[in-house]
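A.B. asks: Below is one structure. I have some questions about it.
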Amino acid sequence: MEKSSNIRFMIYIDILSIFKIGRSIQWESFRENSIFRILYLSSVLYSFRFPEKESPFNIYKFSIDFTGPYDASISKAIAFLLKDDFIERSEGEDVFRIGRNFSNEIFEINLEEERTSWIKQIIYILGIYGENKIYEFIFRDPEYQNTIKSNTNQGLNTTIDNQTVQTLSVFKEAFEESLGDNAHELSSQRYLELYFEYVFSRILKREE
Numbered sequence: 729m730e731k732s733s734n735i736r737f738m739i740y741i742d743i744l745s746i747f748k749i750g751r752s753i754q755w756e757s758f759r760e761n762s763i764f765r766i767l768y769l770s771s772v773l774y775s776f777r778f779p780e781k782e783s784p785f786n787i788y789k790f791s792i793d794f795t796g797p798y799d800a801s802i803s804k805a806i807a808f809l810l811k812d813d814f815i816e817r818s819e820g821e822d823v824f825r826i827g828r829n830f831s832n833e834i835f836e837i838n839l840e841e842e843r844t845s846w847i848k849q850i851i852y853i854l855g856i857y858g859e860n861k862i863y864e865f866i867f868r869d870p871e872y873q874n875t876i877k878s879n880t881n882q883g884l885n886t887t888i889d890n891q892t893v894q895t896l897s898v899f900k901e902a903f904e905e906s907l908g909d910n911a912h913e914l915s916s917q918r919y920l921e922l923y924f925e926y927v928f929s930r931i932l933k934r935e936e
């Protein structure tokens with residue numbers, strides 16, 4: 729029971745972190761499916777960036793929904809946060825913003841600092857390229873496309889064996905060679921910023 733409660737708490741913090749970080753870059757509201765996609769990206773890209781570590785996002789079990797990755801535990805958490813006014817509906821049925829009971833004191837418990845920091849890095853990168861990059865990445869994601877084509881109910885793999893992680897890793901060596909010795913001196917956020925500039929220009933560019 730305690731483990732289950734801790735997992736629910738982590739999911740609440742992840743979702744509220746998205747709204748807190750979003751507000752800092754003038755993203756005042758999020759669609760429900762964007763929340764799913766941000767957390768899916770956080771999961772997959774953590775496995776890519778830190779292949780030697782166990783992902784703190786392995787609590788999520790994503791499956792395929794017609795709008796993108798889906799996890800029932802995230803959906804339930806959104807419903808709870810909405811019911812208790814931590815978030816509220818904004819422009820439409822599935823668009824949310826910070827609610828009247830939201831407080832920064834929620835984040836004073838530093839147990840989830842690594843999670844929040846990583847989500848911040850992902851959102852800042854998306855902020856650089858625009859939120860539409862979420863959709864472009866997800867629907868070109870080899871893991872996602874292959875799962876759709878298999879026509880099964882299997883979940884989406886977010887570990888180091890994820891096919892998207894493997895695709896990104898193909899470019900990693902050449903990318904780091906272009907940086908020289910500076911590759912190991914970059915902060916994690918700066919590394920991802922430069923890497924995605926590289927990736928978006930090569931594998932996420934729309935076919936002409």
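Quick note on the working numbering: the sequence shown kicks off at 729 and runs consecutively. Ideal Cβ positions, reconstructed from N, Cα and C, are used throughout, including at glycine. Remember, it's a predicted structure, so these values are computed and weren't measured experimentally.
#1: Which class does Glu935 belong to by DSSP, given the choice of helix, strand or coil?
#2: Determine the direct distance from the alpha carbon of Gln754 to that of Phe814, and round the result to whole angstroms.
#3: Thinking C-alpha only, which one of Phe737, Ile847, Gln894 is nearest Phe808?
#4: Distance, Cα to Cα, Tyr830 vs Leu907?
#5: May I ask you to report which of helix, strand or coil DSSP gives Glu782?
#6: Would you say Ile787 and Ile851 are within 8 Å of each other, going by their C-beta atoms?
#7: Alpha carbon to alpha carbon, what distance is there between Glu913 and Ser762?
#8: In terms of alpha-carbon separation, which member of Tyr919, Glu905, Val927 lies closest to Leu896?
#9: If we ignore side chains and look at the alpha-carbon of each, how far apart do Asp742 and Lys848 end up?
#10: Using alpha carbons as the reference points, say which of Ile746, Leu922, Leu773, Glu760 lies closest to Ala902.
#11: Which residue wins for smallest C-alpha separation from Glu819, given the options Phe758, Pro797, Gly796, Leu854?
C.D. replies: Let me spell this out:
#1: With a pLDDT of only 44 at Glu935, under 50, the local geometry of the prediction cannot be trusted, and no value is derived from it.
#2: A direct Cα-to-Cα measurement between Phe814 and Gln754 gives close to 18 Å.
#3: The residue with the shortest Cα to Cα distance from Phe808 is Phe737.
#4: Checking the sequence, you will find Phe at residue 830 rather than Tyr. Cα to Cα, the separation comes out at about 42 Å.
#5: Here Glu782 sits in coil by DSSP.
#6: Taking C-beta atoms as the reference points, Ile787 and Ile851 fail to come closer than 8 Å.
#7: Each residue's alpha carbon lies about 32 Å from the other.
#8: Ranking the options by Cα distance to Leu896, first place goes to Val927.
#9: The C-alpha of Asp742 lies about 10 Å from the C-alpha of Lys848.
#10: Of the listed residues, the one whose Cα sits closest to Ala902 is Leu922.
#11: Checking every option, the nearest Cα to that of Glu819 belongs to Phe758.
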